[in-house]
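Sequence positions in the sequence shown follow this note's numbering and run 1183 to 1669.
Virtual Cβ for every residue (Gly too), placed ideally from N, Cα, C.
Since we're looking at a predicted model, the values are computed, not measured.
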Amino acid sequence: MTADITFRNARIIDGSGGPSFMGDVSVEGGRVTRVGEGAGAKCEVDARGMALSPGFVDTHSHDDGAFIRYPGMGFKLAQGVTTEISGNCGFSAAPFDPAGEQMPGDIAGGGATWTDMAGYFAACMERKPAINNAMLVGHNRIRFLVMGSENRRATAAELATMRAHVALAMEQGAVGFSTGLIYQPGRYSDTAEVAALASECRPYGGLYATHMRNEGDGLLGAVQESIDIAREAGVGLHISHHKSAGKRNWGRVKASLALVDSANAAGADITLDVYPYTAGSGPMWQYVNLDHIDAEWAAIVMIASCPDFREFEGRMVPAIAEERGWTLEEAVRQIVTSPRGKEVVCSHFIIDEADIETNLRHPLMMIGSDGIPDLRGSPHPRLFGTFPRVLGEYVRKRGVLSLEEAVRRMTSLSCERFGLAGRGYIREGQWADLVLFDPETVIDRATYEEPKQEPEGIRMVVVNGEVAYEDGRHTDAGSGRMLRLER
Ligand code: ZN
Ligand code: CU
């Protein structure tokens, strides 16, 4: 037998969390065919001194539109990411009405030609994506489609229509339902509406993934609401980008995780993800009340994308205000009320470094970048650096978790959780999504000032058996797929 690729003498980190071991891995026809002693191959890779693991899974991405605009997905591929879960925070590229009104500040990317998840998947596949994508169907998207931006409860008829949208997306392979309950229009919903919609995932084994209603003063109440929704709906709960936002709340992730642990001990089914940075990022207008602009908040905000003031990108609001002779409040008002103000994305330094470590120590904590892929601006560095940062900073430098455990949380745990069968382990018969990296040097290079820098130490990335990235070179193999929920 001749394999397509054989990695020789690699330190194999198989995704299970168990100790790594030395050996060869062969790949043929898109699958792992041998682990241990490799077969002769057309492409022999000397992997001595390198770690070989399953490709990383980004459980929290906003790359729905990026799969259309940037099918090479270089910013994720270069990190070793081979699969993403998109459609997070209630924003998903489908369902969509091409003839309808655009949702303001839709971070999933508007201007679509498709109407449903199947149409979106087909449009992505036409562009030969570099990596795999699985989708959540988003509450904000569905609510906007059915009710616009209205601040009221859904009628029975509207609720039925929204439920049908969730059910159709699940039928077409979505892995679950997401909310972003701090954002308009999702924030106008009550707990019962969300539970009713999430319950449509139940027949498929889909998850409820949530950007909770409150991540600051009201964190614990929001965790409890999420638990209640999942229990009511009869589905698993995944808490997105777990954090305790705002200085006065720092440290409270411990209480939040304790609540999760005690609910799990009592029979709940809850997991989480985190990104390894102290700044959050999102659509700026969604965080601003124009009747009462919070100057304390403005002081910790950096502008990431700003179509009307490109010169503000990558700069802190206080520096911008000083330069223009504005107060902090005026600066915020100028930015979010500019003609394309709803497209402005900001980063804000709301998270405690110690809380990141607390999060990463939790055994049910996956890694999700939450990157927002607007490459015209100065995006939060998590878009380019998340996975190498966990491996270099939190594993190698700080020893917060072991390499094997970090890889498990980036691979098998995520695949099992989101229903991505046949992925997440290095085992015979698994899909050959693989990353070869140097555990001694792997590190992020993206910073807030220079965010579009690819990491170091990622040697080779294989997606569905084809080499997608090698020593800094993107091969344009285009071997990614749209993954449908399969348990
Ligand atoms: Zn979010
Ligand atoms: Cu998000």
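beta-carbon residue i near the ligand CU non-hydrogen atom, thresh 7 Å
| i | result |
| --- | --- |
| Asn1333 | no |
| Ser1661 | no |
| His1474 | no |
| Asn1143 | Here the chain covers residues 1183 to 1669 and nothing more, so residue 1143 does not appear. |
| Asp1279 | no |
| Asp1455 | no |
| Asp1718 | A query on residue 1718 cannot be resolved here, the shown segment of the chain reaching from 1183 to 1669 and no further. |
| Asp1288 | no |
| His1242 | yes |
| His1544 | no |
Three-way DSSP call (helix, strand, coil) for residue i in this model
| i | result |
| --- | --- |
| Asp1228 | strand |
| Met1329 | helix |
| Asn1446 | helix |
| Met1307 | helix |
| Met1676 | Nothing can be reported for residue 1676: it is not among the residues displayed for the chain, which extend from 1183 to 1669. |
| Glu1210 | strand |
| Leu1595 | helix |
| Glu1266 | strand |
| Leu1616 | strand |
| Ile1538 | helix |
| Ala1276 | coil |
| Thr1184 | coil |
| Glu1575 | helix |
| Tyr1607 | coil |
| Thr1337 | coil |
| Thr1623 | coil |
| Asn1315 | strand |
| Lys1659 | Just to set this straight, residue 1659 is Ala in the shown sequence, not Lys. Three-state result, Ala1659: coil. |
Beta-carbon spacing of residue i, residue j below 8 Å
| i | j | result |
| --- | --- | --- |
| Val1526 | Val1514 | no |
| Pro1311 | Gly1559 | no |
| Met1232 | Arg1641 | yes |
| Gly1237 | Val1649 | no |
| Thr1540 | Val1435 | yes |
| Asp1372 | Arg1335 | yes |
| Asp1490 | Pro1521 | yes |
| Gly1320 | Ser1381 | no |
| Leu1419 | Ala1450 | yes |
| Glu1668 | Ala1603 | yes |
| Gln1261 | Phe1600 | no |
| Gly1660 | Arg1213 | no |
| Gly1670 | His1562 | In this structure the chain extends from 1183 to 1669, so residue 1670 is not present and cannot be described. |
| Ile1409 | Ile1452 | yes |
| Ser1529 | Ser1426 | no |
| Gly1205 | Gly1218 | yes |
| Gly1523 | Trp1467 | yes |
| Gly1433 | Asp1534 | yes |
| Leu1665 | Ala1316 | yes |
| Glu1636 | Gly1496 | no |
| Val1470 | Val1518 | yes |
| Cys1383 | Val1328 | no |
The ligand ZN heavy atom lying under 7 Å from the CB of residue i
| i | result |
| --- | --- |
| His1420 | no |
| His1393 | yes |
| Asp1246 | no |
| Gly1362 | yes |
| Asp1552 | yes |
| His1423 | yes |
Top-ranked residue by Cα proximity to residue i, from the options
| i | options | result |
| --- | --- | --- |
| Val1357 | Ala1477, Gly1388, Arg1627 | Gly1388 |
| Ala1412 | Ala1221, Ala1378, Gly1287 | Ala1378 |
| Cys1597 | Pro1545, Thr1241, Ala1486 | Thr1241 |
| Leu1454 | Ala1481, Gly1282, Met1592 | Met1592 |
| Val1376 | Glu1638, Asp1615, Gly1272 | Gly1272 |
| Leu1510 | Ile1554, Ala1481, Gly1496 | Ala1481 |
| His1423 | Asn1315, Ser1487, Ile1532, Ala1415 | Ile1532 |
| Phe1189 | Phe1619, Arg1492, His1656, Arg1627 | Phe1619 |
| Arg1430 | Arg1369, His1562, Gln1261, Asp1537 | Asp1537 |
| Gly1222 | Asp1228, Leu1402, Ser1208, Leu1234 | Ser1208 |
| Arg1655 | Ala1192, Glu1638, Asp1196 | Glu1638 |
| Phe1566 | Met1484, Ser1235, Tyr1459 | Tyr1459 |
| Gly1606 | Ala1305, Glu1631, Leu1234 | Leu1234 |
| Ala1415 | Leu1402, Ala1391, Gly1362 | Ala1391 |
| His1244 | Gly1611, Ser1360, Arg1325 | Ser1360 |
| Arg1251 | Gly1291, Tyr1576, Leu1259, Arg1230 | Gly1291 |
| Asp1186 | Ala1614, Gly1282, Arg1666 | Ala1614 |
| Ile1485 | Ser1594, Gly1398, Pro1633, Ile1549 | Pro1633 |
| Thr1295 | Asp1279, Gln1284, Arg1309 | Asp1279 |
Length-filtered (3 minimum) beta strand (DSSP E) runs lying within the region 1501–1529: List check, beta strand (DSSP E) in window: nothing returned.
Quick check on the DSSP output: what are the complete beta strand (DSSP E) runs of length 3 or more inside the region 1340–1421, in order along the chain? The DSSP assignment places complete beta strand (DSSP E) segments of no fewer than 3 residues inside the region 1340–1421 at 1358–1362, 1389–1393, 1418–1421, in order along the chain.
Runs of beta strand (DSSP E) wholly within the region 1428–1490 (minimum 3 residues, chain order): Runs of the beta strand (DSSP E) lying entirely within the region 1428–1490, each at least 3 residues long, are 1452–1456, 1462–1465, 1483–1487 in chain order.
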